Amino acid sequence: MATKARRCERCGKRLRSLAAAEGWNVRAEGGYPVGLICPGCQSPAENAEAIIHEATLDYGLDEFGRMVARVKGGL
4 MATKARRCER CGKRLRSLAA AEGWNVRAEG GYPVGLICPG CQSPAENAEA IIHEATLDYG
64 LDEFGRMVAR VKGGL
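When we follow my numbering, the leftmost residue of the sequence shown carries the number 4, and every step to the right adds one.
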């Protein structure tokens with residue numbers, strides 16, 4: 004079974020592969036990824052927030068499959 008194409012929720016641009024995901028932002032609600040935003044659709048504030056998060060947070064999944072973020076170098 005083929006996986007669903009990943010697309011920007013604002014413009015519909017297709018994310019061809021995870022290797023090409025540089026600059027794309029994941030929008031999460033309640034710890035679950037619910038959408039993607041391509042670099043061209045991000046506001047400057049969204050882009051800055053993503054850069055700060057990437058520099059300061061490590062992302063992973065908890066035992067329920069939800070996305071969680073932990074401070075890099077933290078406990």
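A virtual CB, placed ideally from N, CA and C, is assigned to each residue, including glycine. Since this is a predicted model, take the numbers as computed values, not measurements.
At a cut of 8 Å, does the segment 17-36 reach the segment 59-78 through at least three beta carbon pairs? yes
Using only CA atoms, which one of 17, 62, 24 lies nearest to residue 76? 62
Which of helix, strand or coil DSSP assigns to residue 48: helix
Exposure label - residue 103; buried when at least 16 CB within 10 Å: The chain is shown only over 4 to 78; residue 103 falls outside these bounds and no answer can be derived.
Could you spell out the range, first to last residue, of the beta strand (DSSP E) harbouring residue 61? 60-64
Going by DSSP, which residues form a beta bridge with residue 37? Its beta-bridge partners do not exist; DSSP assigns none.
Pick helix, strand or coil for residue 57, following the three-state DSSP scheme. helix
According to the neighbour-count rule (16 or more other Cβ atoms, all chains shown, within 10 Å of its Cβ), is residue 54 buried or exposed? exposed
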